[in-house]
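Encoded as structure tokens, the structure appears first; notes follow it.
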């Protein structure tokens, strides 16, 4: 039986109730499965000659395809049903990227994967489609399981059968790693920032000396590094006692935590996985010697990592372009890339990568394609841009609510947002509302308050905005996907891949 005929037969009888996603249809031995859009939600449709799998589904009728009677069932997009689907189609399971250049597309709403996949078409880069941090999950009320499920349903909807990754991002605790492992994630980004002594350079010399004298690893570290020299493409880098002291005080405890996390994953994660170490949450850029120290210590502990996220020069604020000297960034990332190549050949990872258009070309060039980039909030911003265009009254409510919550929500971010530069929304026509999200201050206003916006409820316990956001984007799904895909594609095009 042909898939096209199956869809034609289905449409002939159920066109008033469901709109199939044609690329999703798959033929099985005893029938067909595909996704379809209903009036208010999406469904998995089963057309069976005999029972297919152990799906939780309801029979809605029968149709005939090529003289074969098929039972039609409707199933919800649940975790249970996805597990059944993945048993038939192994390509719906994530896999590691290893050292292939990669790009993460975080999806705070869980409905942008089809748009992300459209952006990746024709690009030689590994897509990490399920990527959310613990903080993002807490603020959106989602879970690692739900994030991965949403991404996989998006893959199935679009007919995508290629490889993709799932990144448990900015994980700080073993219990969160455990959850991600159990869900089947293939990439783990460790955030040891709680253990980084970012205040060392604020201490007096005698205070640093006292702390260093108490460091258990002091003698061993001095034996390993003092006066050791690294020749990186003609540039000589070496540790003296002072530089070793300061770097050790800043990073030793953080690296111990990273090693602890790696040991847990190495023991509990079946199959290969990507391991990313994130040391970008510091006030000062990562020095070249600090880069070397971090990597050498990880190697000494036999930590097999693929990605390293450094704190690069300049400002990497959420949702806006790079702030800083692009030429200086290029020179520094060039040497960092040479260090990476000299030491092991791991990838350099760029966090807060959303909308950093001015540095993409030089970053891709200097790393010679050995990179990983993370984006997240930018897809949410593009979704809200569609809200402003199609449901301006809802956007106005969100905007005013965001203004009231910004000071509270910004505490966990480093931003220089100036709310006085956000235009008075009452003076902006509906047709011009989306232009607000082209300006840095308004973008950050909406970017940072996403958690408050999505969780806000009225006195009856009903969501103030969340349900209406989803309903609007569901209604204007094609426009939402076009908006997000074109924006992500702009990122990818600048990487020249």
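In this note's numbering, the protein residues as written are -5 to 491. All C-beta atoms, glycine included, are put in the ideal place defined by N, C-alpha and C.
- DSSP, reduced to helix, strand and coil, places residue 248 within a helical segment of the structure shown.
- DSSP places residue 228 in no alpha helix (DSSP H); its state is neither H nor E.
- The three-state reading of DSSP puts residue 70 in strand, counting E and B together.
- For residue 107, the enclosing alpha helix (DSSP H) begins and ends at 107 to 114.
- Three or more beta-carbon pairs separated by less than 8 Å are not found between the stretch 110 to 130 and the stretch 390 to 398, which leaves the two stretches without contact.
- With distances taken between CA atoms, residue 279 lies nearest to 303 out of 303, 270 and 289.
- Residue -4 carries a coil assignment under DSSP once its states are collapsed to helix, strand and coil.
- Exposure of residue 220 is indicated by the presence of fewer than 16 other C-beta atoms within 10 angstroms of its C-beta.
- Contact check for residue 334 against residue 490 fails: the beta carbons are separated by 8 Å or more.
- When the five nearest sequence neighbours on each side are left out, the beta carbons in the same chain lying within less than 7 Å of the beta carbon of residue 390 are those of 419, in order along the chain.
- Annotation for residue 337: 289 place their beta carbon closer than 6 Å to its own, counting only its chain and skipping 5 residues before and after.
- Taking the CA atoms as reference points, residue 111 sits about 20 Å from residue 139.
- Contact between residue 485 and residue 361 is ruled out by a C-beta separation of about 15 Å, above the 8 Å threshold.
- Of the candidates 381, 442 and 142, 442 places its Cα closest to the Cα of residue 311.
- By the CB criterion at 8 Å, residue 466 and residue 392 fall outside the cutoff.
- Taking C-beta separations shorter than 7 Å and ignoring five residues to either side along the sequence, the partners of residue 318 in its chain run 307, 308 and 309, following chain order.
- Within the stretch 306 to 393, complete beta strand (DSSP E) segments of at least 3 residues are found at 341 to 344 and 365 to 369, given in chain order.
- Check the Cα spacing between residue 160 and each of 212, 269, 208 and 211: the tightest is with 269.
- Between residue 186 and residue 248 a beta carbon distance of about 4 Å is seen, short of the 8 Å cut, so the two are scored as contacting.
- DSSP places residue 270 in no alpha helix (DSSP H) but in the uninterrupted beta strand (DSSP E) bounded by 268 to 272.
- The continuous alpha helix (DSSP H) containing residue 472 extends over residues 471 to 488.
- When DSSP reads this structure, residue 39 sits in a beta bridge with 28 and 68.
- By the Cβ-count criterion, residue 100 is buried, with 16 or more other Cβ atoms from all chains shown falling within 10 Å of its own Cβ.
- Sequence-distant Cβ neighbours of residue 55 in its own chain, meaning closer than 6 Å and more than five residues away, are 66.
- Here the alpha carbons of residue 301 and residue 284 stand approximately 16 Å from one another.
- Residue 413 is positioned such that its CB atom lies no closer than 8 Å to that of residue 422.
- Here residue 59 is bridged, per DSSP, to 62.
- Take residue 376, set aside five residues on each side of it, and the residues of its chain with a beta-carbon closer than 7 Å to its own are 477, 478 and 481, in chain order.
- Shown here, residue 98 sits in a strand according to DSSP, grouped into three states.
- Under the DSSP assignment, residue 138 falls in the alpha helix (DSSP H) whose first and last residues are 138 to 152.
- Boundaries of the beta strand (DSSP E) around residue 22: 20 to 22.
- Taking 8 Å as the cut-off, the Cβ atoms of residue 141 and residue 263 do not count as close.
- Residue 119 places its beta carbon 8 Å or farther from that of residue 85.
- With contacts defined by Cβ atoms closer than 8 Å, residue 14 and residue 4 form a contacting pair.
- Distances from the alpha-carbon of residue 241 to those of 266, 226, 190 and 458 put 190 closest.
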